[in-house]
Every structure is written in structure tokens, then in C-alpha cells.
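Under the numbering used here, the first residue of the sequence shown carries the number 3, and numbering increases by one thereafter. Idealized CB from N, CA, C, for every residue including glycine.
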Amino acid sequence: MSILVTGGAGFIGSNFVLDWLGLSDEPVINLDALTYAGNLENLASLKGDPRHVFVQGDIVDFDRVLGLLEAHEVRAVLNFAAESHVDRSIHGPGEFIQTNVVGAFNLLEAVRAYWVKLGTTERQKFRFLHVSTDEVYGSLDPAAAPFNETSRYEPNSPYSASKAASDHLVRAYHQTYGIPVLTTNCSNNYGPYQFPEKLIPLVIHNALSGKPLPIYGDGRQIRDWLYVTDHCSAIRRVLDAGRLGETYNVGGWNEKPNLEVVHGVCAILDELRPRKDAKSYAEQISFVKDRPGHDRRYAIDAGKLERELGWKPQESFETGIHKTVRWYLDHQQWVKNVTSGAYRDWIARQYIA
Ligand code: NAD
Ligand code: DAU
């Protein structure tokens, strides 16, 4: 038996694979298309490990997915594969529909073809876990209660709309075909191996490179921040004990305005790697034009996961952000390798053109 992880060379997927194989000997089949966001260097420590089978391929490829499910007697599929960057979805939504909607549909179809042929016990034990986002719920007013699992879907970007569509397909495959599905809707992750186009690694990288730290609009947008290994433990818990057909919100109970996050990162860098002129990195903060349709606030009520499955995050924002900044300082070669090529083209389009 094994699990199939899609998108396991990306930020959260690679953290999940590393954590999984640190805790269990159950093999991981890792299917990843290696888009600009996929990076096998994240998994370098697994080189030669027979428990990790990497397959470069697209979740849109039905035959490929079905072939892997059959060949490896897969007992669970965890779908991390996605186009995940909101700004990129504004510049080019097509790939988001292709991977996040058509890809999720294909995975579900391949799973359905495989699952109906399993014996009764294997069928009951099988799981399809879909990793989704809090962005499907749209934007919260400042005083509104955090999103819970019954909050209305009101996605505002092509990215969140594509994730919402995939969530609905997952639900429909449970209701219609009985596929044993689980969905997790998670807040903003941060931690090791995050591609430096997302806020926290971008700010660390730009600060150290002497570049501006771009803040969209007034910087008062609020996000809930979850350390990535807490997300991984939540997914394992839901996979083990989640109720079929249910959705679980995953969050860190860490609502913070973007400006506060950026000032926090600057303060840690000031302490660990002071600027040569002894000024604060916060001097590099630069307000830039806002993201179109920018959601003002996300907040997650992760109470269901705690009440039903006993899961709570282990990291506070303070401990998690210290670990994260330290990791990037200690892995400058990793940053250098990913900031060559495609990433540079993106920066030119988003911030300069
Ligand atoms: P990421 O962009 O870092 O990684 C995505 C991975 O998917 C990459 O390795 C990429 O190569 C792969 N991929 C893309 N298209 C593919 C395709 N068609 N077939 C196979 N592989 C493909 O994303 P992430 O931040 O690790 O996010 C993982 C999942 O978690 C996504 O589904 C995302 O929507 C969700 N999520 C992310 C966050 C966050 O803060 N990063 C929060 C909530 C939910
Ligand atoms: O909420 C979960 C989502 O979190 C995930 O579903 C997405 O996959 C993930 O990318 C993330 O989306 P965000 O849009 O919230 O993340 P990002 O890091 O792009 O931006 C975080 C906040 O910081 C957001 O309010 C926009 C702002 N921002 C971002 C960048 C890149 C800036 O102010 N400046 C920037 O340069």
C-alpha cells in the first residue's frame, strides 16, 4: 500500500512528503508536473530513498493517474497540486482553470475508475483528501466572526474561484458516487521551501538583497498565518480520522495585518543579520499599487478540527516566524537557485512592467 501525493514538489507538498517519511515507512508516490513552483531540490534529502517515488506528470492526464493508482495499490490520494499564486491568476487565469478545475476533475475521475474496482474492505479504507484554501469564503468585514465550515462560498479571484470549483466537484463525487472524500480549507502557510513570490519569503529575500519590500495598498489587509508543519499534521489527522464527506478548516489563530507581518520580519532580520548601515530593514518598505479584488480579511475558526479530531497548531506566529527567517538565512543557496530564471521574469511583469 502507498499514498499518492500530487504537487509534492511544491511548498506545502514537499513539507508534507518530508514529514510523512520522517514519521512512517509507507511509500509516497509523488506526482508533480514541475511547473515554476515545483522544486525537486526540496526533496534532495530523499535521494535514493525507495519509499519516495517521484513521477513527473500532470494531474490532467487521466491514464497516467489511473496507471499510478493501479501499479502502486494506492490507498489514499492527497491533492496538493495547484496553481497557487493569486497575482498570477489575475495575469493569466487559464492555467488555474486547467490545473485546479480540470486537473481536480481528472483526478476524481481516475479515482472513481480505480475505486469501483477495489474489494469492499479496500474501498471502505480508501480516502481522497483535497487540500483547499480559506480564500473560497471571500473577504471578511473587520468585526465579522472567522470563517467556519458553513460559511458561504464567495471567491473573489480567479485562483479562489478555481479552488471553489474543485471543492464543489469533490463534494459532488462523494454525494453522487460515494467516493470517500475529505476536504481541508487552510489559511496562509509560511515556513521552509516557500517560493519567494509569496509575501514572507519575498520580503526576506528582498530585504537581504537591498530591494524594496512591496506592500500592496495600505498594508492593512489581514491574513491568518499557519506554520507549514502544523498544516501537515492537520492533514495527517484528517486523513486518519476525518469524517467522510466533511470539510475541515485549518488555521493558526494568528490574524495579522500585512504591515505588522513585514515589520516583524524586518525586526528579526535586524537582530540576526543587521544591515551594514545599522538602519532597519523596515526602511526598505515601499507601498505599491493594490492587487485588484484584494480580499481585506481572512480569519479561520479551526474549532471543528480541535473539537472532533483534537488537532491544535503547535507554533505561535512568534516561534514560527523566527524559525522561518532563520531557515531562509541558513539556506541562501536554495534561494539563489530558485530566484534564477522563471522567477526573475515574473518579478519584471508584476512589479516593473
Ligand atoms: P505551490 O505553488 O508551492 O506548489 C504547487 C505544486 O503543484 C508545484 O510543485 C507544481 O509543480 C505542482 N503542479 C502544478 N500544476 C500541476 C499539474 N497540473 N499537475 C501536477 N502537478 C502540478 O503551492 P503550495 O503553496 O504548496 O499549495 C499547495 C496546495 O495548498 C494548493 O492546492 C493550494 O491551493 C493550497 N493552499 C495553499 C496555501 C498557502 O498558503 N500556500 C494555503 C491554503 C491552501
Ligand atoms: O489564504 C490562503 C492562501 O494564501 C492560499 O490559498 C494561496 O495559495 C497562498 O498564495 C496565499 O494567498 P495570499 O494571496 O494571501 O498570499 P500572498 O503571499 O500572495 O499575499 C499575502 C498578503 O500579502 C496578501 O494580502 C497580499 C499581500 N502582498 C503580497 C505580495 C506578494 C503584498 O502586500 N505584497 C506582495 O508583494
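Backbone secondary structure at residue i - three-state DSSP
i	result
Q316	coil
W227	strand
K338	helix
K165	helix
N102	helix
V263	helix
T326	helix
Y218	strand
T321	helix
Y250	strand
E273	helix
V138	helix
E43	helix
I302	strand
E85	coil
V133	strand
Counted within 10 angstroms of its Cβ, other Cβ atoms place residue i as buried (16 or more) or exposed
i	result
P294	exposed
K165	buried
Q334	exposed
S288	exposed
G105	buried
E137	buried
D169	buried
R225	buried
P315	buried
H93	exposed
V240	buried
T186	buried
E72	exposed
T135	buried
E257	buried
E199	buried
Q223	buried
G9	buried
V118	exposed
Cβ-heavy atom distance, residue i to ligand 2, below 7 Å
i	result
I217	yes
G15	no
R299	no
Q286	no
L246	no
G59	no
H93	no
R293	yes
H87	yes
H296	yes
T152	no
N260	yes
L204	yes
G9	no
R351	no
G253	no
G221	yes
L171	no
Start-to-end residues for the alpha helix (DSSP H) that takes in residue i
i	result
K306	G305 to L311
T123	T122 to K127
F18	F13 to L25
R90	V88 to H93
G69	F64 to A73
Enclosing beta strand (DSSP E) for residue i [first to last residue]
i	result
I5	S4 to T8
F56	H54 to Q58
R77	V76 to N81
V290	I287 to V290
L33	V30 to D34
Residue-level contact to chain D via CB, residue i, 8 Å cutoff
i	result
L45	Absent from the structure is chain D; it holds one protein chain and no more.
Residue i beta carbon near ligand 1 (any heavy atom closer than 7 Å)
i	result
L33	yes
G50	no
G40	yes
N190	yes
L36	yes
K165	yes
S159	no
S235	no
S134	yes
V62	yes
G105	yes
G193	no
Segments assigned beta strand (DSSP E), at least 3 residues, entirely inside the segment 143–215
Qualifying beta strand (DSSP E) stretches, in chain order: 183–188 and 190–192.
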